[in-house]
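>
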Amino acid sequence: METSKPARRRDTEDRRREGLESKVEGFNERGRKAVRDRKLHDSISLFTNKTLTGRNAQLGAHPDAPELRERAYRTKQETMANLDYYLSQMADAIEERGGNVFFADDGEDVVRYVGDLARRCGAKILAKSKSMATEEIELNHRLEEDYADLGLEIVETDLGEWIAQLAGETPSHIVGPILHMNKERITEILSGVSDEDLPPDVESLAAFARKRLREKFLNADIGITGANFGVAETGTICTVTNEGNARLVTSVPPVHVVVMGIEKVIPKFEDLSTFVQLLSRSGTGQKITVYTNFITGPRGEGELDGAEEFHLILMDNGRSKLLGTEYEEALYCIRCGSCLNVCPVYRQTGGHAYGSTYSGPIGAVITPLLKGDKEAKDLPYASSLCGACTETCPVGIPLHDLLLKLRNRQVEEGMAGRAESLMFKGFERTMKSPVAYKAGAKVGRLMQKPFAKDGSIEGAPGIRGWTDFRELAPLAEKSFRELWKEGI
């Protein structure tokens, strides 16, 4: 089992300066722009409403839903407590079947491993199925840059991911990469790579995509996938899709590479029954997805299909530092996207406003944990703390609690603005003192008068970030105590 860490081709800070790493700063600015985009809202609502309706019908009618959720949570809890054991067990099982296993500390390690493998194989075309792990490390871009001499063509084969790739965009949703696009925009993108103007109907667009992508499947030298789950006891990789592209990517090219976050491992094959039921119902509102594939190493003797070489890359990329901390539960996520669908913030802004691979509530939690508070300082505040994300999470991750902890961490690290800190300290002292509370109420009534219009406060300094988008009722002319004394 290969565990050595290869030398990096370039320091991470150099990449940051050149703009090659995702930047998450500026959520507030991007969010303000997104909330004014009516077409974006319509596209998001169409997808999320349909998915939520299916999810509620499937899980609401499932008699064992609470038990499945509890079982999934406990399985993840036990797995994280013994993660080194299960990863070692999985690696041993794969190597026993002739597969290769590589432990990658970060994205640079993954890029180096895949690039060197492509060089050794003389690869030209790399066909990829949908993978959030490879999106996280910008694998496509980094391979094209660091291994430019190979002239690699890296093709996304999930239909939504391919369209996003053609448009030069990143996915805006964990499950629905292009939910932010309407049919007209998709037609425009596909017509741009076609020899003709395609008609804006689903059948024609799908037929064109099928023909073009099939050529890539048949000529690909390496297939790259992620993994929805990895089974420790058998070394089985499970992929869950609705299009079947993952099945082609894993069986047609002679070499198959899996890039899997270390948190995706589960102990036993029988555990898949729990997680597959929850993933399909929560992610797409289906009882089960169309294609649920199980791959255990390279093609065996006498087997008719499968890759001749199998490589599993177990990627850390900051995950292990969360083990044993108050944020460990963030690693329980199975990437169903359900928390995005119910989140009132995501439903207004879409995924690109987050500036990160992971958006919505789980993105607001995991991005600061992986990238750091300074780069993602706005994201923990991209929440109304309504708790809908926690209620819908199929694994029971307390997302709103984790968001509060991240906000508290920023305050403890001195990241809160001076004016904000002074304001809240003053508010705390006022609420603790009856005399200060009464005086503050009187002062507040006087100060609000220039900004009180039509029953709400507008344009008041210090709170415009709130009142620009929400209604804030003015303080009453008389307090309850004053009214009580007057006998009213």
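So the sequence shown is numbered by our numbering: it starts at -6 and just counts up by one.
Virtual Cβ for every residue (Gly too), placed ideally from N, Cα, C.
(1) In terms of residue numbering, what span does the beta strand (DSSP E) encompassing Ala97 cover?
(2) Mind reading off the beta-carbon distance from Pro387 to Ser331? Whole number of angstroms is fine, and I expect it under 8 Å.
(3) Determine the extent of the beta strand (DSSP E) in which Lys123 is found, giving its start and end residues.
(4) Buried or exposed: which applies to Leu439, given that a residue is buried once 16 or more other Cβ atoms fall within 10 Å of its Cβ?
(5) Thinking C-beta only, is Gln341 closer than 9 Å to Val28?
(6) Measure the Cβ-Cβ separation of Arg48 and Arg274 and say whether it is below 9 Å.
(7) The beta strand (DSSP E) that contains Met308, what's its start and end?
(8) Spatial neighbours of Glu319 within its chain, please: C-beta separation below 7 Å, excluding the five flanking residues on both sides.
(9) Return the chain-ordered list of same chain residues with a C-beta closer than 7 Å to the C-beta of Val335, the five sequence neighbours on each side being excluded.
(10) Between Val168 and the rest of its own chain, which residues show a CB-CB distance below 6 Å, the 5 nearest in sequence each way excluded?
(11) Kindly list the residues whose CB is nearer than 7 Å to the CB of Phe20, restricted to its own chain and excluding five residues on each side of it in sequence; keep chain order.
(12) I think Glu302 touches Val248, with their Cβ atoms under 8 Å apart; what is that distance to the nearest whole Å?
(13) Just tell me which of Pro427, Asp366, Tyr430, Phe417 has its CA closest to the CA of Val403.
(14) If you check the beta carbons only, do Tyr284 and Gly237 fall under 9 Å apart?
(15) For Ser36, is the classification buried or exposed, using 16 other Cβ atoms within 10 angstroms of its Cβ as the cut-off for buried?
(16) Would you say the stretch 304 to 313 touches the stretch 61 to 69, given that touching needs at least three Cβ pairs under 8 Å?
(17) Would Leu80 and Val252 qualify as a contact pair, given that the criterion is a beta-carbon distance under 9 Å?
(18) Could you give the distance in angstroms between the alpha-carbon of Trp477 and the alpha-carbon of Pro443?
(19) Just checking my contact of Pro193 with Lys176 at CB under 8 Å: how many whole Å lie between their CB atoms?
(20) In the structure shown, what three-state DSSP assignment does Lys446 receive?
(21) With a Cβ-Cβ cutoff of 9 Å, do Glu154 and Lys117 count as a contact?
(22) Can you tell which of Ile456, His166, Glu189 has the C-alpha that lies nearest to the C-alpha of Ser466?
(23) For Gly53, which of Leu271, Asp188, Ala84 has the nearest alpha-carbon?
(24) Closer than 8 Å: is that where the CB of Glu189 sits relative to any heavy atom of the ligand ADP?
(25) For Val195, is the classification buried or exposed, using 16 other Cβ atoms within 10 angstroms of its Cβ as the cut-off for buried?
(26) Got a sec, what are the start and stop residues for the alpha helix (DSSP H) Glu71 sits in?
(27) List the endpoints of the continuous alpha helix (DSSP H) containing Thr423.
(28) Can you confirm whether the stretch 74 to 93 touches the stretch 218 to 236 when touching is taken to mean that 3 or more C-beta pairs between the two stretches lie within less than 8 Å?
Looking at the atomic coordinates:
(1) 93 to 97
(2) 7 Å
(3) Run containing Lys123: none; DSSP gives neither H nor E here.
(4) exposed
(5) yes
(6) yes
(7) 302 to 308
(8) Lys398
(9) Leu45, Ala381, Cys382, Thr385
(10) Gly276, Gly330
(11) Ala346, Tyr347, Gly348, Asp371, Leu372, Ala375
(12) 4 Å
(13) Looking at the sequence provided, one finds Gln at residue 403 rather than Val. Ranking Pro427, Asp366, Tyr430, Phe417 by Cα distance to Gln403 puts Asp366 first.
(14) yes
(15) buried
(16) no
(17) no
(18) 28 Å
(19) 5 Å
(20) strand
(21) no
(22) Here residue 466 turns out to be Ala, not Ser, going by the sequence shown. It is Ile456 whose Cα lies nearest to the Cα of Ala466.
(23) Leu271
(24) Among the ligands in the structure shown, none appear at all, so the ligand ADP cannot be discussed.
(25) exposed
(26) 58 to 74
(27) 411 to 425
(28) yes
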